[in-house]
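Data first, discussion second: the structure below is written as structure tokens.
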Amino acid sequence: MTLRTVVRSALTLGLFGLTAFAAQAQETIKVGVIAAFSGPFADYGKQMEGGIKAYMKQHGDTVAGKKIELVIKDTTGPSPEIAKRLAQELVVRDKVDILAGFGLTPEALAVAPIAEQAKKPMIVMNAATSIITTKSNYIARVSMTLPQISGPMATWAVKNNIKRVVTLVADYGPGIDAETAFKTNLLGGGGQVIESIRVPLRNPEFAPFVQRIKDAKPEAVFVFVPAGEQGVAFMKSYRERGLAEAGIRVIATGDLTDDHVLPAMGDATLGVITSFHYSAAHDSPENKTFLKNFAAANPNGGRPNFMAVAAYDGMHAIYEVARKLNGKIDGDRAMAVLKGMKIPSPRGPLTIDAQTRDAVQTVYIRKVEKVNGELYNVEFDKFENMKDTGK
Ligand code: PHB
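According to the working numbering, the sequence shown is numbered sequentially starting from 2.
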């Protein structure tokens, strides 16, 4: 072999290797999932992954001839720096086609500039501060916003003669949004917010705040805390300090009585009224199918909550994009497909608003009741076609 043939065959091999690699790369659509899978918000990532798995169990892992490949990353909590670094790695090293996940607002806000710069579609499966979708044209949100959910709660309250209210919210984006929208509609209906309390996002100690609520003697307390353990802790203080006996009712966004933790929250939650876009008790064929597939794909997953549903719907959106684009994901073309998309969600009708890229959906009023011996959020009233009102 002359040196020339050696060089030539090496080149051929190299080229062949590259072509083979390119062909292989085109056979998958990579979805980078960024969420908390450890720490106090670990449940967010697990619920989202559970919803994604449920969708893939039902519809298979291949769409438009491409295999859907998930690359899952743990932010460990509301850590914007970590979320940003993970997104950079996913885009630059893993070459993902789509970014998804985002349980917490600080994670979504930190990643928005990366989606914008890299022109990667970013599917927000929970983070619910109104402003998030304005931070990049590549964001589509399939979850909710706190103004969208909280306004109807106040409208319902004043109509039902609850007029003097104390608000208690987590002191960050979604909490401020909830407080503002609730207050606007309560005042608009002739009600009054007599005190507004904000509690820290991390490890709030509820007892002193709950005592302040009791001392203010409102007809009800309106609550937004991020889903999970904080709801359990708030309800524990509410019970221990005797607020129910003092005649103070709880009205809240459904984050408080999150379906995943509700079964363990106890009878103190009976009668709690919440507004929300999803209940595991929602009566529809789509929800039955979802619950069945969630259970099959997540044998120890417990009851799915709204984050699992948003992830399931987010996967529907991704599969739809892949089908419409024949498996070749391009950021701008993907966004054109997402805008105005209608999704047959387990929650009820869902549209991605063509202008704002936010979820347009029904907001239900629900009451915690026992159904076959288990606590559920039972829907009894609704506000249809609700958009975000926070921008
Ligand atoms: C958020 O950080 O945007 C967030 C987190 C948990 C919720 C709702 C919103 O339950």
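For each residue, glycine too, the CB sits at the ideal point set by N, CA and C.
Following the continuous beta strand (DSSP E) through residue 145, name the residue where it begins and the one where it ends. Where residue 145 is concerned, there is no enclosing beta strand (DSSP E), given that its DSSP letter is neither H nor E.
Heavy atom of the ligand PHB less than 8 Å from the Cβ of residue 204, yes or no? no
Under a three-way DSSP split, which group does residue 238 fall into? helix
Environment of residue 158 [buried if 16+ CB atoms lie within 10 Å]: buried
Is the beta carbon of residue 259 within less than 8 Å of some heavy atom of the ligand NAD? Absent from the structure shown: the ligand NAD. Ligands present: the ligand PHB.
In chain order, what residues of the same chain lie with their CB nearer than 8 Å to the CB of residue 35, ignoring the 5 residues before and after it? 74, 76, 84, 87, 88, 91, 100, 101, 102, 103, 108, 112
Look at residue 133 and residue 319 and say whether their C-beta atoms are less than 9 Å apart. no
With residue 351 as the anchor, note down where its beta strand (DSSP E) starts and where it stops. For residue 351, the enclosing beta strand (DSSP E) has its first and last residue at 349-353.
May I ask you to check if the CB of residue 256 is nearer than 8 Å to at least one heavy atom of the ligand PHB? yes
Mind checking which residues open and close the alpha helix (DSSP H) that includes residue 288? 286-298
Of all the options 217, 203, 270, 228, which has the alpha carbon lying nearest to the alpha carbon of residue 80? 203
Range covered by the alpha helix (DSSP H) that runs through residue 334: 332-339
So, with DSSP's three-state summary, where would you put residue 29? strand
Check residue 23 in the structure and name its three-state DSSP category. Bear in mind that a pLDDT of 49 at residue 23, under 50, signals an unreliable position, so the number given afterwards is only what the model happens to contain. The answer is helix: DSSP assigns residue 23 an H, G or I state.
Just reading off the beta strand (DSSP E) that residue 378 is part of, what are its end residues? 375-387
Going by beta carbon distance, what residues of the same chain come within less than 7 Å of residue 332, once the five residues before and after it are set aside? 120, 121, 122, 139
Straight-line gap, residue 379 to residue 368 (C-alpha atoms, nearest Å): For residue 379 and residue 368, the distance between alpha carbons rounds to 5 Å.
Look at residue 154 and residue 127 and say whether their C-beta atoms are less than 9 Å apart. no
Span of the beta strand (DSSP E) holding residue 225? 221-225
Does the region 39-57 come within contact of the region 297-309, defined as at least 3 CB pairs closer than 8 Å? yes
Pick from 46, 228, 179 that is closest to residue 392, judged by C-alpha positions: Closest option to residue 392, Cα to Cα, is 179.
Which residues does DSSP pair with residue 123 in a beta bridge? Note: residue 123 sits in a beta bridge opposite 100, 140.
Buried or exposed: where does residue 222 fall if 16 or more other Cβ atoms within 10 Å of its Cβ makes it buried? buried
Which term fits residue 227, buried or exposed, when burial requires 16 or more other beta carbons within 10 angstroms of its beta carbon? buried
Can you tell me the Cα-Cα spacing of residue 177 and residue 171, whole angstroms? 8 Å
Is any non-hydrogen atom of the ligand PHB found closer than 8 Å to the C-beta of residue 228, if you look at the structure I gave you? yes
May I have the straight-line CA-CA distance separating residue 396 from residue 248, to the nearest angstrom? Only positions 2 to 392 of the chain appear in the structure, and residue 396 is not among them; the question remains open.
Return yes when at least one heavy atom of the ligand PHB lies under 8 Å from the C-beta of residue 40, else no. Not under cutoff, so the answer is no.
Which residues in the same chain have their Cβ closer than 7 Å to the Cβ of residue 201, if we skip the five residues on either side of it in sequence? 172
For the ligand PHB, any of its heavy atoms closer than 8 Å to the Cβ of residue 127? yes
Going by DSSP, which residues form a beta bridge with residue 58? For residue 58, which the question treats as bridged, DSSP gives no partner whatsoever.
Extent of the continuous beta strand (DSSP E) to which residue 311 belongs: Residue 311 -> not in any beta strand (DSSP E); alpha helix (DSSP H) instead, spanning 307-325.
Stretch pair the region 277-296 + the region 203-212: three plus CB contacts closer than 8 Å: no
Counting only runs of 4+ residues fully inside the region 162-213, write out the alpha helix (DSSP H) ranges in chain order. 174-189
Taking the beta strand (DSSP E) that residue 273 belongs to, which residues open and close that run? For residue 273, there is no enclosing beta strand (DSSP E), as DSSP marks it with neither H nor E.
Is residue 104 near the ligand PHB, going by C-beta to nearest heavy atom under 8 Å? Answer for residue 104: yes, Cβ within range of the ligand PHB.
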